Structures are given as C-alpha cells and as structure tokens.
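The sequence shown: position 122 = 122 (the UniProt record's numbering), numbered continuously. The C-beta atom is built at its ideal place from N, Cα and C for all residues, glycine as well. None of these values were measured; they are calculated from a predicted model. Here is the structure we will look at, set down as structure tokens.
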Amino acid sequence: MPTLNQLIRHGREEKQHTDRTRALDQCPHRQGICSCVSTRTPKKPNLALCKIAKVRLSNRHDIFAHVPGEGHNFQEHSTVLIRGGRVKDLPGVKFNCIRGVKDLLGIPNRRRGRSKYGAENPSRYEWKMSLWNLSRTRKCLRPEMKDVHTAVRKERSARRTLGKALVHKLGSLSTEALTFGIAQDLHNSLNAIQSLDNLNISTTERLSISTSKFLRLRF
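Quick look at the structure:
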C-alpha cells in the first residue's frame, strides 16, 4: 500500500485495458469476406478439430474467427457477419461467425440455444414448410393463383358471401311465407349444394357455384 508521500509524488494511475475486439472499431458486428477456411486443435486437455476462418473485414482488418456448431457451408469468398467473443481453447481467435446470416447457414435440427446457431423455431419452421407445400399444390392445380395468400383471401370472401346471402334470404322470410313449395325449392337447392362436395373441384369454385345456385332461389 503506498504512503502519503508516494501518492503525492506519483499519484494513482489508471489500469490500461486492451480491447480484444478492436478490429471491429467499436461496432457490435462487422461484415467480412472469407479468405481461408481451416481447422485448428485446441489447447490441452481438450481434443477436437475446431473450424476457423480467416476473414477480411469491411474496414480492411484481417482476423481469425471461429465457426460455431457442427458442420458448415463456409468456403472461400463467402460473406459472413462477425461478432466479438473469444474462444478459450484457441489462442489468437477472438471473434465468432454469426450463423444463419449472409452466406453462413444455420443449424436446422438445433433445439437448444437456437439463437446462437441460427436455428428457427420448430413450430414456425413446420408452419413455413406447410405454407410452402400448400402454395406449390395450389400453383399446380390452379396456375392463376400465384400466391397462397390470394387463394386464402378468395376462399374467405366466397364463404363470407355465401353466409351473408343465406342469412339475408332466411331472415327476410316470415313463418307464413314459408310454404311447402318454397320449402321444397330450398330443400332441393341445399341438396344440390351438398352434392358439390363429392366433386373434385377447389373450394373457391364450389362456393362460387353454391352462391350462384342459392341466389337463384325465388322467395
């Protein structure tokens, strides 16, 4: 512990801290181009083949970055996003590549720590795949529907039109006006509408035919 005379003569000096990620220029991330992909063994007592890449950042700094996760599609001249974070087992490697951004793909089957490895939520991934399959099916069946959302909107509008027409027609009837002949026409028309379910046509076409048949009823 210094004495008072020593503090008066020299004072206290602040500790100098070196910035390990000074190549990022105080930015959270930097984009770079890969110039070389290789492997390196970690320090003792660990044994592995860690994937590292030599990356030239957008500010002309050349660094070594670690590629996390199992397997990658990283190769020369690939674009990658770099963040700070050293790897304890690899001396001189003080940066990490961000998975799932730019040319570096994520890990699809990852369930834990998905945000670190660019993996999507499984339920959201299945929902996207189901939408993709549905859009492919609709494009094959009906080429004019180029977007699955357009098909969904058309089906919803057709359902809404049929429902409004049904409520309007039935709401305008009184108990006395519902005679046997009108009831018979309504019964026959509804049977014709139900018979359309057995045909191999799309929902939009079926609902449009059903709406047109129902609106032709004479009340």
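| request: Taking the CB atoms as reference points, tell me whether arginine 40 and leucine 104 lie closer together than 8 Å. | output: no
| query | What is the residue span of the alpha helix (DSSP H) that serine 115 lies within? | reply | 114 to 117
| Pairwise C-alpha distance: alanine 48 and proline 42 | 7 Å
| query | If you follow the alpha helix (DSSP H) that isoleucine 8 is part of, which residue opens it and which one closes it? | reply | 4 to 10
| Run of the beta strand (DSSP E) containing phenylalanine 64, from where it starts to where it stops | 62 to 66
| glutamine 75 to alanine 65, Cα distance in whole Å? | 13 Å
| How is arginine 30 classed by DSSP in three states: helix, strand or coil? | strand
| request: Closer than 8 Å by C-beta to residue 225: which residues in its own chain qualify, once you throw out the five before and the five after it? Chain order, please. | output: Residue 225 lies beyond the stretch modelled for the chain, which goes from 1 to 219, so this question has no answer here.
| task | Reducing DSSP to helix, strand and coil, say where arginine 99 ends up. | result | coil
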